[in-house]
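Beneath this line is the structure, given in structure tokens, with notes to follow.
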Amino acid sequence: MRIVLCYPVHSGHIAQIQAAAPEAEIVDAGQERIDELLPTADIFIGHAKVPVDWQRVLQAGRLKWIQSSAAGLDHCLVPGVIDSDIIVSSASGLFAPQVAEQTFALLFGLLRQLPLFFRAEAKREFVRLPTDDLRGKTVGIVGLGGNGRAIAEMLSPWEVEILATDYFADVDCPQSVQRLMPADLLDEMLGQCDIVILALPLNASTLGMFDPDRFSKMRKGAYLINVARGSVVIESALVDALQSGHLSGAGLDVTEVEPLSPASLLWDDPKVIITPHVGAQSARRVDDTTNLACINLKRYLAGQSVFNRVDKTLGFPHPSVVYRGESQ
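Per this note's numbering, the sequence shown starts with residue 18, numbered consecutively.
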């Protein structure tokens with residue numbers, strides 16, 4: 018059995034994976050050799066950030082399981098993989114605390130007018146400006162998976178009303194959320210919210226979801242935070258909603274095209290905060306990824322179902338199979 022890795026491991030991580038699968042050959046391909054070596058893998062752990070010839074991988078007929086080191090799966094859920102018997106599992110929820118912290122950084126930056134204060138600071142201007150409050154707001158979370166639930170839990174002490182939509186609205190609603198609605202009631206929720214936080218996966222049904230019509234459904238003066246995938250939002254529609262004053266601001270950890278073009282109008286808008294897709298960054302990211310991979314490796318080799326196994330037609334796992342910690 019050959020396990021091919023493509024995430025920034027060091028020797029200690031490789032040794033940990035080897036201990037979980039003693040009979041396997043472990044190959045650290047890195048981004049430089051992943052396209053070359055992926056067709057030789059029985060198991061792939063990681064996230065290819067370079068183009069991969071998936072047709073060649075599928076023709077080789079060897080790959081049995083992909084353990085993604087990311088929650089988003091657009092890097093590997095190509096049509097051929099979706100239609101194959103290859104098991105795909107994600108890192109869904111593994112970095113939810115970090116994504117929640119990034120959400121708060123963007124949200125408070127907007128509410129407290131930090132872009133304007135930073136501009137004033139650069140000019141050495143000590144100018145007081147109006148700010149906004151979080152308390153008393155109605156917050157809508159679009160997508161109540163691992164990240165959405167962590168965001169709701171962090172928000173709950175702030176005297177806000179939290180609404181949410183999710184594909185699996187029939188699953189238990191956390192105490193932090195006052196109302197959980199099916200995904201098809203998104204437009205109804207948007208009209209009630211002062212703040213809308215996107216935490217949903219990217220798939221065929223969510224691509225371009227926030228278009229001009231959907232922005233028109235949002236409450237005038239609302240804020241948008243996107244810590245999901247950039248392609249959920251059509252950039253030109255967002256620019257129009259900001260420039261017209263329909264939105265009071267946007268905090269973006271992701272953009273429709275990454276990296277964001279230097280010509281984008283979003284860069285110069287003082288109502289926008291942009292971070293370069295760092296929401297899931299963590300000093301422990303590689304350690305935590307390796308821990309989950311090893312837990313799943315042991316389960317896979319024992320013939321058990323892996324945590325975070327993805328419904329490939331949806332692009333994300335059912336909440337019942339999401340990894341919740343070692344206690345499982």
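Glycine residues also receive a C-beta, built at the ideal position from the N, C-alpha and C atoms. Just so you know, these numbers come straight off a predicted model, no measurement behind them.
- According to the DSSP secondary-structure assignment, Gly47 is paired through a beta bridge with no residue.
- According to the DSSP secondary-structure assignment, Gln84 is paired through a beta bridge with Ile62, Ser106.
- Distance from the CA of Tyr184 to the CA of Pro276, rounded to the nearest whole angstrom, comes to 29 Å.
- A distance below 6 Å between beta-carbons, with the five flanking residues on each side excluded, links Ile99 to the following residues of its chain, in chain order: Lys329.
- Assignment of Cys23 by DSSP, reduced to helix, strand and coil, places it in the strand class.
- Apart from sequence neighbours up to five positions away, the residues of its chain that approach Cys23 with a beta-carbon distance below 6 Å are Ala46, Ile51, Gly63, Ala65, ordered along the chain.
- Leu131: member of the alpha helix (DSSP H) spanning 131–139, first to last residue.
- Per DSSP, Tyr240 lies in no alpha helix (DSSP H) segment; the continuous beta strand (DSSP E) that holds it begins and ends at 239–243.
- Residue Ala200 holds the alpha-carbon nearest to the alpha-carbon of Val159 among Phe135, Asp149, Ala200, Pro191.
- For Ser193, there is no enclosing alpha helix (DSSP H), as DSSP marks it with neither H nor E.
- Rounded to whole angstroms, the Cβ separation of Ile214 and Thr120 is 6 Å, and the two are in contact under 8 Å.
- In the DSSP assignment, Ile291 falls within the unbroken beta strand (DSSP E) covering 289–291.
- With a minimum length of 3 residues, the unbroken runs of beta strand (DSSP E) contained wholly in the stretch 279–323 fall at 289–291.
- DSSP lists no bridge partner for Phe143.
- DSSP, reduced to helix, strand and coil, places Arg152 outside both helices and strands of the structure shown, so it counts as coil.
- Under the 10 Å beta carbon count, Lys140 is surrounded by fewer than 16 other beta carbons and is classified as exposed.
- Exclusion of the five residues before and after Cys311 leaves Gln33, Ile34, Ala36, Ala37 as the residues of its chain whose Cβ lies within less than 8 Å of its Cβ.
- A residue is called buried once 16 or more other Cβ atoms fall within 10 Å of its Cβ, and Lys154 is buried on that count.
- Under DSSP, Pro199 shares a beta bridge with Asp183.
- About 38 Å separates the Cβ atoms of Val156 and Ile103, ruling out a contact at the 8 Å cut-off.
- Following the DSSP letters along the chain, one finds Val213 inside the beta strand (DSSP E) bounded by residues 212–215.
- A straight line joining the alpha-carbon of Leu217 with that of Leu161 spans about 7 Å.
- For Lys234 against Asp204, the beta-carbon gap comes to about 5 Å, under 8 Å, which counts as contact.
- In the DSSP secondary-structure assignment, Val327 is bridged to Pro334.
- Judged by DSSP in its simplified three-state form, Leu94 adopts coil rather than helix or strand.
- The beta-carbon separation of Leu127 and Gly266, rounded to 4 Å, stays under the 8 Å limit for a contact.
- In the three-state DSSP reduction, Phe227 falls in the strand class (E or B).
- Unbroken beta strand (DSSP E) runs of no fewer than 3 residues, entirely contained in the stretch 255–281, are found at 264–269, following chain order.
- Across the structure, Ser86 and Pro39 are spaced so that their CA atoms are roughly 21 Å apart.
- Sixteen is the threshold: when 16 or more other Cβ atoms of the shown chains lie within 10 Å of the Cβ of Gln115, as they do, the residue is buried.
- Annotated as distal: Asp286 and Asn243, with beta-carbon spacing of 9 Å or more.
- In this structure Gly208 is exposed. Its beta-carbon is surrounded by fewer than 16 other beta-carbon atoms within 10 angstroms.
- Linking Tyr340 to Asp305 through their CA atoms gives a straight-line distance of about 12 Å.
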